[in-house]
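Asks:
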Amino acid sequence: MRVLVTGVAGFVGRHLLSSLRAAGHEPLPTDSRADESAGIAALDIRDAGAVDAAIGRLKPDACIHLAGISFVPDAARDPLALDSINVAGTLHVAQALLHHVPCARLLFISTSQVYGTRNLTGARRESEPLDPASPYAGSKARAEAALQELAAHQNLNLVIARPGNHTGPGQAPKFVAPAFAAAIRDFRDGRLTSIAVGNLDSERDFSDVRDVVAAYLLLLEKGETGGIYNISSGNHVRIGTLLTELARIAGVTPVTHVEPSRYRPTDAVPTLDTTRLRALGWQPAYPLERTLADLWREVDGRQE
Ligand code: A2R
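Take 44 as the starting number for the sequence shown in the working numbering and just add one per residue.
#1: At which residues does the beta strand (DSSP E) containing Pro145 begin and terminate?
#2: Mind checking whether the beta-carbon of Asp248 lies closer than 7 Å to any heavy atom of ligand 1?
#3: Spell out whether any CB of chain D is found under 8 Å from the CB atom of Val157.
#4: Rounded to whole angstroms, what is the Cα-Cα separation between Met44 and His68?
#5: Find out if the Cβ-Cβ distance for the pair Asn273, Thr210 is shorter than 8 Å.
#6: Is it the case that the CB of Phe54 approaches a heavy atom of ligand 1 more closely than 7 Å?
#7: Pick helix, strand or coil for Pro175, following the three-state DSSP scheme.
#8: Near Gly230, what residues of its chain come up, given a Cβ to Cβ distance below 6 Å and the 5 sequence neighbours on each side ignored?
#9: Which one of Leu260, Ala336 and Thr133 has the shortest CA to CA distance from Thr49?
#10: Report back the beta-carbon spacing between Ala176 and Gly165 to the nearest angstrom; my notes put them in contact at under 8 Å.
#11: Report the three-state DSSP secondary structure of His68 (helix, strand or coil).
#12: What are the boundary residues of the alpha helix (DSSP H) that includes Phe223?
#13: For a test of your reading of the model: does the CB of Thr154 fall under 7 Å from any non-hydrogen atom of ligand 1? Yes or no.
#14: Can you give me the Cβ contacts of Lys102 inside the same chain, cut-off strictly under 7 Å, excluding the 5 residues immediately before and after it?
#15: Can you tell me which residues form a DSSP beta bridge with Asp74?
#16: Would you tell me roughly how many angstroms separate the C-alpha atoms of Ala311 and Asp248, rounded to the nearest one?
#17: Do Asp95 and ligand 1 come close, with the Cβ less than 7 Å from some heavy atom?
#18: Quick check on Leu134: does DSSP put it in helix, strand or coil?
#19: Using 8 Å as the threshold, is the region 109-120 in touch with the region 168-185, meaning 3 or more CB pairs across them?
#20: Should Asn162 go down as buried or exposed, given a rule of 16 or more other Cβ atoms within 10 Å for buried?
#21: Residues bridged to Ser250 by DSSP?
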């Protein structure tokens, strides 16, 4: 398939490109800014005309829509930008597909955060009601609803993925796992005397980005039209465990202090029921220890 990828210059995009190629697909990489050396064409999804023109020219067989604001605090700071990118931008992509290639599959990357955090008992199934608890989660829930309208009334070939947290090599340093890895490196090298941390008691569900990308490929090829799929390896861990595990891998005994500006109240995320995804043949291949070891190696070798 010729697969348009939006937001390809981000964390997931670089992993997705190599997997698409390895599976015999032809990626059509785009991001808000062009990068000619990387073969990435400019496509700002806020610009409906530009999106329509690009999709009219490329006529992809499918689209994996990664472009968006993905960092939760950024999302909370600028609700208008959030809506114009995560909601309106998503609709621009869907409408242009319907206009030019109405059978093309759209794989929309939502988030497990649409389930909210109030009900932590049992595992969330895709059919359960949504309860988004942050501006970021709300934007993804609104985009899902708008796309489902297009699927119901205009036959948009839609598949929705709801991944939990994912990390691995290449993630931006503002996300917690690469931030810890960089701080541990700086502590080891004497540039920091103590590592600033927020609340280490919160819990998150971490998958390896490569397992998440494998799920996207599977959904592209085999996902049921109109289907929604949770994605999670089931690694439910304390944030503090990420720090101690990365420090163990690095061979460092860290000194930490709580930085009040980073401290958010303790929270947790629900576990996800991944029966639907596993029925397509998916299973995670990367244990958390391997994910963190690969992340550490990359951050330790990074020139900053
Ligand atoms: O904001 P930038 O310059 O880092 O670019 C991001 C890009 N992007 C856009 N692309 C086209 N038009 C826009 N208006 C626009 N705004 C942002 O989307 C970045 O290159 C990419 C998203 O990459 P990351 O932030 O690294 O997200 P990640 O981890 O790859 O997640 C991809 C998707 C997102 O929708 C998440 O919410 C979801 O998976 O979990």
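The C-beta atom is built at its ideal place from N, Cα and C for all residues, glycine as well. All figures in this text were calculated on a predicted structure; none of them were measured in a lab.
Replies: Per the coordinate set shown:
#1: Going by DSSP, Pro145 is part of no beta strand (DSSP E) at all; its letter is neither H nor E.
#2: The answer is no for Asp248.
#3: Going by chain labels, chain D is absent from the structure shown, which holds only one protein chain.
#4: Each residue's Cα considered, the two are about 5 Å apart.
#5: Against a cut-off of 8 Å, the Cβ pair of Thr210 and Asn273 comes out as no contact.
#6: Correct: Phe54 has its Cβ closer than 7 Å to ligand 1.
#7: In this structure, Pro175 counts as coil in the three-state DSSP scheme.
#8: The sequence given here has Phe at residue 230, not Gly. The residues Ile238 and Pro297, in chain order, have a CB closer than 6 Å to that of Phe230 in the same chain once the five nearest residues on each side in sequence are set aside.
#9: Selection Leu260, Ala336 and Thr133 evaluated against Thr49 yields Thr133 as nearest (Cα-Cα).
#10: Going by Cβ atoms, the distance from Ala176 to Gly165 rounds to 18 Å, so no, they are not a contact pair.
#11: Coil.
#12: Secondary structure note for Phe223: its alpha helix (DSSP H) is the uninterrupted segment Val219 to Arg231.
#13: It does: the Cβ of Thr154 is within 7 Å (strictly closer) of some heavy atom of ligand 1.
#14: Only His143 and Val144 meet the Cβ criterion.
#15: Its beta-bridge partners are Ala85.
#16: Those two C-alpha atoms are separated by around 9 Å.
#17: Checking every heavy atom of ligand 1 against the Cβ of Asp95, none is found closer than 7 Å.
#18: Three-state result, Leu134: helix.
#19: By the C-beta criterion, the region 109-120 is judged to be in contact with the region 168-185, since at least 3 inter-stretch pairs fall below 8 Å.
#20: Label assigned to Asn162: exposed.
#21: Looking at the DSSP assignment, Ser250 forms a beta bridge with His209.
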